[in-house]
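The block underneath contains the structure these notes are about, expressed in structure tokens.
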Amino acid sequence: MRKQGLIAGLFVFSLTLSAQMRELSFYEVKPAEAPPVLDGRLDDPVWHKVPVHRDYYEYWKSDPGPGRLRTEYRMAYDSRGVYLGIVNYEDRMDKIKKAVTDYDNRELWTDDCAELYFDPEANGIGYTKFTVNALGTRGDMRRQDAAVTLEDWNGTGWLVKTSLEKDRWTIEAFFPWEDLGKTAKTGDLWQFCHTRYGWSNGFIGVTSSPGGNYNATNNFGYLYFSDGKTRLDPAAVGKLLTDRVSPPWCLESGAELVSRTGSKVKIDELSELLAEARKNGTLLQLEIKALDLPRFDGEFRKILKRMEEVPKENTLRALKKQQDVNTALFNLKWQMNLDKNFNMTQEGPK
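To convert, note that position 15 of the sequence shown is 8 in this note's numbering; the numbers rise steadily by one, no gaps.
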């Protein structure tokens, strides 16, 4: 029985190591040369000159996988406030929920909608939340801290337009600085989270920041208000986050992984990290085959099936999936070693 506990302990310990590294969301908000015309179309020049955030995650999970709803957002700013464009891709547009039509209705979240959280202080304590459904129905509130929530707070200047097409619905919005509670200056770092609720096939939620939701404000992503001219390379991003986020954390920045596990920020090529992870996975497979214990073949095949699902692209998601597979292979190898060397099964001594 003690060896049974050792097997379980190794498995849990490996998973804990994987889950400790917090994945961050980071977006560079560039200046708008000219404000967009709010019509819900995202066809103005500004939307073609700013980054597109496409990484969304499972909602309300501490270690989430990829989100099931394809979603994008874009953002820009000027002296008046922040402009936000969101594309909600949807295969079943005829099934989306869009029933609420009155302002600040508490049931707005039960429609297909976006909840937008802005935290200008970037401390995970307070935020202003704006909610929009597919009809453009709005709601808002403000949380000052964990103890004080102002449900009756109303913004006075924010505007939104939506449009519905055959395979998507789109939000185009403007938030004046007065409604956001602070004016962002070049170089400022805010926190932000966009959660999307979809109801076309039962409830599905996704979030723009891993683990981010109204109950986990410390997991909101980061907005950096840039001058739009200075190149923001991975080293600069790492420096910006060093004083804000306690290690360990990691962030995908183009083809590189920015991470901090101790006092220093590391920058690694994702392609090199993935190559090493795949190599380790191959070595673990060879070790398992060499143990030659046929009764573990079924479990081994299941893990190999998971390996086929690892994306081929050099991305953080691919790296995490490969590491998860390697963890499963490592634990299987240990289980087989214990079985072979100590004549044990998971049920006890033979």
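Glycine included, every Cβ here is placed at the ideal spot set by N, Cα and C.
> How is the alpha helix (DSSP H) around residue 193 delimited, first residue to last?
Replying inline: Looking at the DSSP string, residue 193 is not in any alpha helix (DSSP H), and its letter there is neither H nor E.
> In the DSSP assignment, what residue or residues form a beta bridge with residue 68?
Replying inline: 77
>> Measuring straight from C-alpha to C-alpha, what distance separates residue 47 and residue 213?
In response: 16 Å
> Tell me the DSSP bridge mates of residue 182?
Replying inline: 217
>> Below 8 Å, is the gap between the Cβ of residue 34 and the nearest heavy atom of the ligand COA?
In response: Of ligands this structure carries none, so the ligand COA is not represented either.
>> On the DSSP letters alone, give me the boundaries of the beta strand (DSSP E) that residue 244 sits inside.
In response: 242 to 246
> Any idea which residues DSSP pairs residue 157 with across the strands?
Replying inline: 162
>> Please classify residue 23 as buried or exposed, where buried requires at least 16 neighbouring CB atoms within 10 angstroms.
In response: Residue 23 should be labelled buried.
>> If you reduce the DSSP assignment to three classes, tell me which class residue 44 lands in.
In response: In the structure shown, residue 44 adopts coil according to DSSP, grouped into three states.
> Quick one: Cα of residue 328 to Cα of residue 238, how far?
Replying inline: 37 Å
> In this structure, does DSSP put residue 39 in helix, strand or coil?
Replying inline: helix
> Near residue 32, which residues of its chain fall below 6 Å by C-beta distance, leaving aside the five closest residues on each side in sequence?
Replying inline: 154
> What is the DSSP secondary structure of residue 275, counted as helix, strand or coil?
Replying inline: helix
> Is DSSP giving residue 326 helix, strand or coil here?
Replying inline: helix
>> According to DSSP, simplified to helix, strand and coil, what is residue 122?
In response: Here residue 122 sits in strand by DSSP.
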